[in-house]
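Have a look at the structure below before the remarks.
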Amino acid sequence: MSYDSSFLVAVPRYENRKQYDIDEKNLPFYGTDVWHAYEFSSMTKNGLPVTRLMKMEYDCGSEFIVESKSLKLYLNSFNMSRFGKTQQECLEECKKIIENDLSETLKTQVRINFIDNTTQKTAVFSKYKNILKITNANDIKIEQFKETPEVLETEETKSRTEYFLTFDSLRSNCRVTHQPDFGDAFIYYKSKQHIKEESLIKYLCSFRTEYHFHEECCEMIFKRLFDKLDTDDELLVSILYTRRGGIDICPSRWSKNNKEISDIFLLTDIKKYARNGIKQ
54 MSYDSSFLVA
64 VPRYENRKQY
74 DIDEKNLPFY
84 GTDVWHAYEF
94 SSMTKNGLPV
104 TRLMKMEYDC
114 GSEFIVESKS
124 LKLYLNSFNM
134 SRFGKTQQEC
144 LEECKKIIEN
154 DLSETLKTQV
164 RINFIDNTTQ
174 KTAVFSKYKN
184 ILKITNANDI
194 KIEQFKETPE
204 VLETEETKSR
214 TEYFLTFDSL
224 RSNCRVTHQP
234 DFGDAFIYYK
244 SKQHIKEESL
254 IKYLCSFRTE
264 YHFHEECCEM
274 IFKRLFDKLD
284 TDDELLVSIL
294 YTRRGGIDIC
304 PSRWSKNNKE
314 ISDIFLLTDI
324 KKYARNGIKQ
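Numbering-wise (the working numbering), the sequence shown opens with residue 54 and increments by one.
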């Protein structure tokens, strides 16, 4: 099989957003989708293999996302294709081709970079606390496993407080292949409205039988929490999914007034390999 851009399939974002009252014309968030393809490989014109981790990023304001299986098939079409006299020339040619193909398919700017073992791993979300360890999680009775925002409970406090929370057991399912997806959710918010941690655990657990793309889950969580907070509050939701089929997807969404986005800058820097924990 040789290089073939026809494998790429674009999926409209609006199909999910309209279900959750997310206005395409006036999104309540900024955001980005970061992908890591761990098994990218091509060859020089002499047949020398060139293998790298490919990182790519594009804005959530794009009309489309790329369907992950189609991306895998597309990238696999480079495996036996030959580009450039040297490994560096091969990578440079592949970068131009991939950025152009994806940008045309998704009708937005897509940035990619190839990362090797010399790239230092950068930690992100290090000050976030595991919500399962700061609550009596073993005593929580969880009965809803279909996305249930009604379980979310808030209480008003005297002053705006910052919360840095992570949940390491998010599970949903791909709506195309029905394969399970696992990820770590990172949630930051600054508000007088305190979202009770036990209720947040119940809500995040309710995704276990949902069938959605990664990006859709991130936006659903953002929208449900956004609706519970005051309009001028800060909110960030980022999910680092584990890889499946050699590819992982890391969507992030944050309120337009959010100042706590230093981790996002690291995550979206295509020259860095930014992750958190042992699962990524």
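For every residue, glycine included, the Cβ atom is placed at its ideal position computed from N, Cα and C.
In the DSSP assignment, C303 falls within the unbroken beta strand (DSSP E) covering 300–307. Q141 sits in a helix when the DSSP states are folded into three classes. Following the DSSP letters along the chain, one finds D74 in no alpha helix (DSSP H), marked with neither H nor E. Excluding residues up to 5 positions away in sequence, V204, L205, E206 lie with their Cβ nearer than 6 Å to the Cβ of S252 in the same chain.
Just so you know, the alpha carbons of Y56 and R164 end up roughly 19 Å apart. Unbroken alpha helix (DSSP H) runs of no fewer than 4 residues, entirely contained in the region 54–109, are found at 67–70, following chain order. Short of 7 Å from the beta carbon of Y181, and not among the five residues preceding or following it, lie these beta carbons of its own chain, in chain order: F217, L218, T219, F239. By the Cβ rule, the region 80–90 counts as touching the region 306–314, because three or more pairs are nearer than 8 Å. Contact check for S123 against V177 fails: the beta carbons are separated by 7 Å or more.
When secondary structure is reduced to three states using DSSP, I118 falls in the strand class.
For Y127, the secondary structure class from DSSP, reduced to helix, strand or coil, is helix. Taking L185 as reference, the option from K199, D221, Q197 with the minimal CA-CA separation is D221.
Put simply, the backbone Cα of L288 is about 31 Å away from that of F167. I292 is positioned such that its CB atom lies no closer than 7 Å to that of C258. With a threshold of 16 other beta carbon atoms within 10 Å, F318 falls short and is exposed. Assignment of N183 by DSSP, reduced to helix, strand and coil, places it in the strand class. The Cβ-Cβ distance between A90 and I300 falls below 7 Å. For M54, the number of other beta carbons within 10 angstroms of its own is below 16, and it is reported as exposed. For S225, the secondary structure class from DSSP, reduced to helix, strand or coil, is strand. Apart from sequence neighbours up to five positions away, the residues of its chain that approach R105 with a beta-carbon distance below 6 Å are F93, F167, D169, ordered along the chain. By the neighbour-count definition (other C-beta atoms within 10 Å, threshold 16), I187 is an exposed residue.
Under the three-state reduction of DSSP output, F198 falls in the coil class, being neither helix nor strand. Just so you know, the alpha carbons of S225 and E268 end up roughly 11 Å apart.
In the DSSP annotation of this structure, E313 is not part of any alpha helix (DSSP H), being labelled neither H nor E.
Where S291 is concerned, there is no enclosing alpha helix (DSSP H), although the beta strand (DSSP E) around it starts and stops at 287–294.
Taking the C-beta atoms as reference points, M96 is found nearer than 7 Å to R135. S244 is positioned such that its CB atom lies closer than 7 Å to that of R213.
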